[in-house]
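Residue numbers (this note's numbering), protein chains in the order written: chain A, 1 to 289; chain B, 1 to 534.
As C-alpha cells, the structure follows; a few thoughts come after it.
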C-alpha cells in the first residue's frame with residue numbers, strides 16, 4: 001500500500017505544552033467538561049503509523065476524500081467521510097465539503113487530516129497541520145489512535161498539575177458553605193473575579209508520599225462557584241462527592257482575586273481538571289509518584 | 001405600585017412598536033455563518049464597527065466561548081462581512097500574545113472593535129482570564145490589538161488570515177495589561193487614528209487617588225512609518241472621587257475637536273447607590289494628574305433628600321471635584337451572583353452606560369444610564385441626558401424606559417440620535433426581550449418611538465453562564481446611517497424579528513435550528529447585525 005510521508009506544518013501552528021488536552025477539554029459541552037477520560041484500560045495503539053503523535057493545535061481530525069484542487073490558492077476541497085474530533089460548535093463534518101489550505105493531494109485521495117480553523121463562512125476553511133493517506137481497511141483504527149492520544153495528553157496534564165500542587169489527596173466533600181465577604185471588600189472585586197465558596201473535605205488517602213500526614217484530617221478547600229464565563233471551567237464541589245483533589249494553598253491566589261477572604265490554613269482548587277472522580281485515584285497515584 | 005412606577009408604566013405604554021418611521025430602511029441579519037449551524041452557545045455581549053471609508057466592510061465580535069476551539073491557540077475569532085453585513089464569516093484573526101500561549105486561560109472575553117476615524121486601522125480590545133493554578137495569578141489580561149489598513153476587497157472570495165491583511169501588517173498586540181476589565185473602545189468621528197479605551201483597571205487602582213476607572217488614550221498608535229508602539233498609548237485615571245469600590249465600567253467618546261469624554265458609575269454607600277459621572281479631557285492636556293479633569297462638579301445644589309445619610313454620601317451639594325455628576329445618588333440593584341431569572345436571565349453589573357458626541361457639533365453630547373426603581377431589586381430603568389456645551393451643563397430628558405438595559409447611543413451627521421436597547425416585556429405572562437431602535441430628530445426633547453427589531457423569549461434558552469445577552473451592545477453612525485448589533489435567542493418558532501430579516505444558519509421546517517446534517521440543534525443566543533439606512 002502506498003502511503004504519503006507525513007507533512008508537518010510549523011510556524012504559528014506549532015504550539016507547545018498541553019494544547020492538545022486543553023483543546024480537547026474545551027471542545028466538550030459544559031455538562032461534560034471533565035477532560036479526563038474514564039480510567040478504564042487505555043485502547044491499544046493502532047498498528048499503522050498515523051503519525052508520531054497528533055500535531056499540537058489539531059482542533060479537527062477527520063477522514064476525507066479530495067474532490068477538487070485549486071493550485072493557485074492551495075485550497076483543496078475535501079468531502080469529509082468520518083469525523084474524529086471537532087470543536088462542539090462545528091459538530092460532525094460527515095458528508096460536508098471542507099476547504100483545506102494544504103499542500104496538494106491527488107484527486108480522489110483518501111486521507112486523515114489534522115487541522116485547525118481559519119474561517120467559517122458558507123463553508124469551513126481550515127489549515128492542514130498534517131495529513132496521512134490511508135486505505136479504507138485502516139479507518140477502524142483511527143478512533144483508537146485519537147482516544148489513545150487524548151488519554152496520554154490527559155495523563156501528562158495531571159502529572160504536570162500534580163507536580164506543582166501542595167497536596168494530592170483522595171477523600172469526601174462533607175459540606176459546603178459561602179464565604180462571607182464584607183461590602184467594602186466586595187467593592188474591590190470585579191465581574192470576572194472568582195466567587196469563592198468553601199468545602200470541608202475529609203482526606204481518606206494521600207496519593208503523594210509527602211501528604212501522608214494529612215490523611216484523616218478535615219481540610220478547608222476554597223473553590224469558585226461564580227457564574228461568569230471566566231468561571232465556567234472551574235471545579236464545583238458538592239457534598240458527598242468522592243474526589244481526588246490536586247490542591248494549592250489559598251495564599252497562592254493573587255490578592256485581587258481574594259479581597260476580603262481569610263486564606264489562612266485554606267487550600268483551593270480552581271480548575272475542573274484538578275477535581276477528579278475517586279475512581280481515578282489509582283491512575284493519579286501512579287502518575288504523581 | 002409606587003407613583004414613580006405608575007408614571008414609568010404609563011410612559012412605556014406610549015411606546016409605539018411596529019413599522020419603521022419615515023423613510024428609513026432597516027435590515028436585521030443573524031451573523032452566525034451557515035457552516036457554524038451546529039453551534040449552540042451564548043454569543044453574547046456583541047460589538048460591531050463599519051469602515052468609514054468603505055461601509056461594505058464590517059467587523060463584529062461576541063462571546064464565542066467554544067467556537068474559540070475551532071481556531072488554533074494563537075488566534076481568537078471575529079465576525080467579518082465584506083458586503084455591508086448581508087453575509088458573515090467567522091475569521092480566526094485576533095492574535096494571542098505569545099506570553100499567554102502556554103497558559104491556561106479563558107477565551108477572549110469582553111470584546112469590542114472599532115475602525116479608526118480614517119478607516120486605515122481596525123482596533124480590537126478584549127481580555128482573557130488567567131486560569132493558571134500554578135501562577136497564583138487568576139487575573140485578567142486585557143489586550144488591544146490593531147490592524148493597519150485592512151483591504152476590504154481582499155476578503156472575498158476566500159477568507160483567511162493571509163488575505164485579511166493583504167500587504168499590510170497583521171495585527172500585533174499594542175497593549176497587554178494585567179487585570180484590566182471591559183476594555184471598551186471608541187474612535188474619532190473625523191479622519192484620524194485616535195483611540196480612547198475605557199477600562200476598569202487594576203493597574204491604576206490605589207483606592208486613594210484613583211478608583212480603577214481609566215481611559216487609555218492615543219492620538220495614533222502608529223505614529224512613525226506605521227510602526228506600532230505600545231508606549232504610544234497611555235492610561236489616565238478618570239475616577240478620582242472616593243468610592244465604595246472599583247469603577248465597574250467606563251465608556252468613552254472622542255469629539256472631532258479633540259475633547260475626550262468618559263461616563264461611568266461611581267459606587268457609594270453599600271454599593272447599591274451610584275453617581276453617574278462624566279469626565280472630560282481638554283486638548284491638548286494629557287499629563288498624568290491633569291488629564292480628564294476638564295469638568296468639575298460645580299453648579300446648583302443637588303436635588304433630593306436632605307437626610308443625614310444623604311449628606312454623608314454627598315448627595316446634597318456639589319463637591320467641586322473632577323468629574324461632573326449628571327445623576328447623583330441613583331439607586332442601583334446590588335449586583336447579584338445567582339438570581340438572574342428576575343430580569344430575563346440578565347445580570348446587572350453597573351455596565352449599562354453609553355456616551356455619544358455629535359460628529360458635526362462636537363459640543364453636543366448625550367449619555368444614557370440605567371438605575372433601579374425603589375423597592376425593586378430586579379428592574380433597571382434607562383435614563384438619558386444631553387449637554388450642549390462640552391458637558392459643562394446637562395439636562396436630564398423628561399422620559400425614561402422602564403425594565404430595559406444595554407443602551408447604546410450614536411449621533412448621525414445630521415444630528416439625529418440613534419438609541420439601541422433591550423426592553424424586558426411581558427406577553428401573556430411570558431417574559432420577553434424586545435430589541436428597540438429609536439431615532440430622535442429633536443435632540444431627545446421628546447420620546448422617540450421604539451421600532452421593534454426583535455421579540456424573543458427572555459427565559460429560554462437557559463443560562464449557561466453570564467453574560468446571557470451581554471453587559472453591553474453597540475451602535476455606530478456613518479453619515480446619516482446607523483449600524484448596530486444585539487444578541488438574542490435564535491428560536492424562530494417563538495420569536496418575531498424585523499420583517500426585513502436575513503439568516504445564514506440552517507433551520508428546519510419547524511423553525512428550530514438544525515445542523516448541516518439536518519439534525520435539530522438546541523436553541524441558543526446569536527448575534528444580530530442591524531443596518532438603518534436613512
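For every residue, glycine included, the Cβ atom is placed at its ideal position computed from N, Cα and C.
Q) Would residue 111 of chain B be called buried (16 or more neighbouring beta carbons within 10 Å of its own) or exposed? A) On the second chain, position 111 is the one that residue 111 of chain B refers to. Its Cβ being crowded by 16 or more others within 10 Å, residue 111 of chain B is buried.
Q: Consider the Cβ of residue 71 of chain B: report whether some Cβ of chain A lies at a distance smaller than 8 Å.
A: Position 71 of the second chain, counting from 1, holds the residue named residue 71 of chain B. Yes, residue 71 of chain B counts as interfacial toward chain A.
Q) What residue from B/42, B/50 and B/33 has the CA that sits closest to residue 464 of chain B's CA? A) Counting from one through the second chain, the residue named residue 464 of chain B turns up at place 464. Residue B/42 is the option with its Cα nearest to residue 464 of chain B.
Q. Could one say the Cβ of residue 158 of chain B lies closer than 8 Å to chain A's Cβ atoms, at least one of them?
A. Residue mapping note: residue 158 of chain B aligns to position 158 of the second chain, counting from 1. With a pLDDT of 37 at residue 158 of chain B, under the threshold of 50, the modelled position of that residue is not reliable, and the figure given next carries that caveat. Interface residue, yes.
Q) Of the choices B/275, B/311, B/482 and B/462, whose alpha-carbon is the least far from that of residue 297 of chain B? A) In the second chain, residue 297 of chain B corresponds to position 297, counting from 1. Of the listed residues, the one whose Cα sits closest to residue 297 of chain B is B/275.
Q.
Just verifying my parser: in three-state terms, what is the DSSP assignment at residue 491 of chain B?
A. If you number the second chain from 1, residue 491 of chain B lands on position 491. In the structure shown, residue 491 of chain B sits in coil (DSSP, three-state: anything other than H, G, I, E or B).
Q.
For the alpha helix (DSSP H) containing residue 152 of chain A, name the first residue and the last one.
A. Reading the first chain from its first residue, position 152 is the one you call residue 152 of chain A. 142-163 is the extent of the alpha helix (DSSP H) around residue 152 of chain A.
Q) Excluding sequence positions up to five away, which residues of its chain have a Cβ less than 6 Å from the Cβ of residue 41 of chain A? A) The residue given as residue 41 of chain A occupies position 41 in the first chain. The predicted model places residue 41 of chain A with a pLDDT of 49, which falls under 50 and marks its position as unreliable, so this point remains unresolved.
Q | Listed by chain order, chain A residues near residue 129 of chain B by CB distance under 7 Å | A | What you label residue 129 of chain B is simply residue 129 of the second chain in a count that begins at 1. Per Cβ cutoff of 7 Å: 192 and 230.
Q | Where residue 251 of chain A falls: helix, strand or coil (DSSP) | A | Counting from 1 along the first chain, the entry for residue 251 of chain A is found at position 251. If DSSP states are grouped into helix, strand and coil, residue 251 of chain A belongs with the helices.
Q.
Does the CB of residue 244 of chain B have a neighbour CB from chain A at under 8 Å?
A. Here residue 244 of chain B is taken as the residue at index 244 of the second chain, counted from 1. Residue 244 of chain B counts as touching chain A.
**Q.** Nearest to residue 255 of chain A (by Cα), restricted to the options A/196, A/103, A/162 and A/81
**A.** Start at 1 with the first residue of the first chain, and residue 255 of chain A comes out as number 255. Minimum Cα distance to residue 255 of chain A is reached at A/196.
(Q) In whole angstroms, give me the CA-to-CA distance for residue 31 of chain A and residue 326 of chain B. (A) Residue numbering aside, residue 31 of chain A sits at position 31 when the first chain is read from its first letter. Residue numbering aside, residue 326 of chain B sits at position 326 when the second chain is read from its first letter. Confidence at residue 31 of chain A is low in this model, with a pLDDT of 32, below 50, so the placement of that residue is unreliable and no value is reported for it.
Q: Have a look at A/207, A/226 and A/278 and flag the residue whose alpha-carbon is nearest the alpha-carbon of residue 159 of chain A.
A: Taking the first chain and counting its residues from 1, one reaches residue 159 of chain A at position 159. It is A/207.
Q: Quick one: grab the DSSP three-state call for residue 508 of chain B.
A: On the second chain, position 508 is the one that residue 508 of chain B refers to. Note: residue 508 of chain B maps to coil in three-state DSSP.
Q) DSSP on residue 217 of chain A, reduced to helix/strand/coil? A) Translated into positions along the first chain, residue 217 of chain A becomes position 217. Coil at residue 217 of chain A, not helix or strand.
Q. Can you check whether the CB of residue 187 of chain B is closer than 8 Å to the CB of residue 254 of chain B?
A. Position 254 of the second chain holds residue 254 of chain B. Position 187 of the second chain holds residue 187 of chain B. Yes, the Cβ-Cβ distance between residue 254 of chain B and residue 187 of chain B is below 8 Å.
Q: Taking 8 Å as the cut-off, decide whether the C-beta atoms of residue 362 of chain B and residue 259 of chain B are in contact.
A: Translated into positions along the second chain, residue 362 of chain B becomes position 362. Translated into positions along the second chain, residue 259 of chain B becomes position 259. In contact: residue 362 of chain B and residue 259 of chain B (Cβ atoms closer than 8 Å).
Q. When you check each C-beta in the segment 514-531 of chain B against every C-beta of chain A, which residues fall closer than 9 Å?
A. 515, 516, 517, 519 and 521
**Q.** 8 Å Cβ cutoff, residue 461 of chain B in contact with chain A
**A.** The residue given as residue 461 of chain B occupies position 461 in the second chain. For residue 461 of chain B, the answer is no, since every Cβ of chain A falls outside 8 Å of its Cβ.
**Q.** Cβ of residue 123 of chain A within 8 Å of any chain B Cβ
**A.** Residue mapping note: residue 123 of chain A aligns to position 123 of the first chain, counting from 1. Yes, residue 123 of chain A lies at the interface with chain B (some Cβ there is under 8 Å from its Cβ).
Q) Is the Cβ of residue 61 of chain A closer than 8 Å to any Cβ of chain B? A) Numbered from 1 along the first chain, position 61 holds the residue referred to as residue 61 of chain A. No, because no Cβ of chain B sits closer than 8 Å to the Cβ of residue 61 of chain A.
Q. Smallest Cα separation from residue 357 of chain B: which of B/397, B/417 and B/47?
A. Residue 357 of chain B sits at position 357 when you count from the first residue of the second chain. The option with the nearest alpha carbon to residue 357 of chain B is B/417.
Q | Alpha-carbon spacing of residue 201 of chain B relative to residue 79 of chain A, whole angstroms | A | For the purposes of this step, residue 201 of chain B is identified with residue 201 of the second chain, where counting begins at 1. For the purposes of this step, residue 79 of chain A is identified with residue 79 of the first chain, where counting begins at 1. So the alpha carbons of these two residues sit roughly 48 Å apart.
Q. Does the beta carbon of residue 216 of chain A sit closer than 8 Å to a beta carbon anywhere in chain B?
A. Looking up residue 216 of chain A in the first chain gives position 216. Not an interface residue.
Q.
Quick check on the DSSP output: what are the complete alpha helix (DSSP H) runs of length 4 or more inside the segment 168-202 of chain A, in order along the chain?
A. 183-186
Q) Can residue 350 of chain B and residue 407 of chain B be called in contact, C-beta distance under 8 Å? A) Here the question's residue 350 of chain B lines up with position 350 in the second chain. Here the question's residue 407 of chain B lines up with position 407 in the second chain. Going by C-beta atoms, residue 350 of chain B is not nearer than 8 Å to residue 407 of chain B.
Q. Sorted by chain position, which residues of the same chain lie with C-beta nearer than 6 Å to residue 214 of chain A's C-beta, five sequence neighbours on each side aside?
A. Within the first chain, numbered from 1, the residue matching residue 214 of chain A stands at position 214. Excluding residues within five positions, the ones whose Cβ falls inside 6 Å are 203.
(Q) Using a Cβ-Cβ distance cut-off of 8 Å, determine whether residue 92 of chain B contacts chain A. (A) The residue labelled residue 92 of chain B in the question sits at position 92 within the second chain. For residue 92 of chain B, the answer is yes, since a Cβ of chain A falls inside 8 Å of its Cβ.
(Q) Can you tell me whether residue 82 of chain A is helix, strand or coil according to DSSP? (A) If you number the first chain from 1, residue 82 of chain A lands on position 82. Three-state DSSP puts residue 82 of chain A in a strand.
Q) Is the Cβ of residue 294 of chain A closer than 8 Å to any Cβ of chain B? A) Residue 294 of chain A falls outside the range modelled here, since chain A spans only 1 to 289, and no answer is possible.
Q. For a contact meaning CB atoms closer than 8 Å, what does residue 33 of chain B contact in chain A?
A. The sequence position of residue 33 of chain B within the second chain is 33, counting from 1. 120, 121 and 122, listed in chain order.
Q | Residues in the segment 87-111 of chain B having any Cβ partner in chain A nearer than 7 Å | A | 89, 90, 91, 92, 101, 102, 104, 106 and 109
Q: May I ask you to list, following chain order, the residues of the segment 138-163 of chain A that have a beta carbon less than 7 Å from some beta carbon of chain B?
A: 161
**Q.** Helix, strand or coil at residue 283 of chain A [DSSP, three-state]
**A.** Within the first chain, numbered from 1, the residue matching residue 283 of chain A stands at position 283. It is helical.
Q | Neighbour list for residue 63 of chain B in chain A, Cβ cutoff strictly below 8 Å | A | As a first step, residue 63 of chain B must be located in the second chain, where it is residue number 63. Result: 229.
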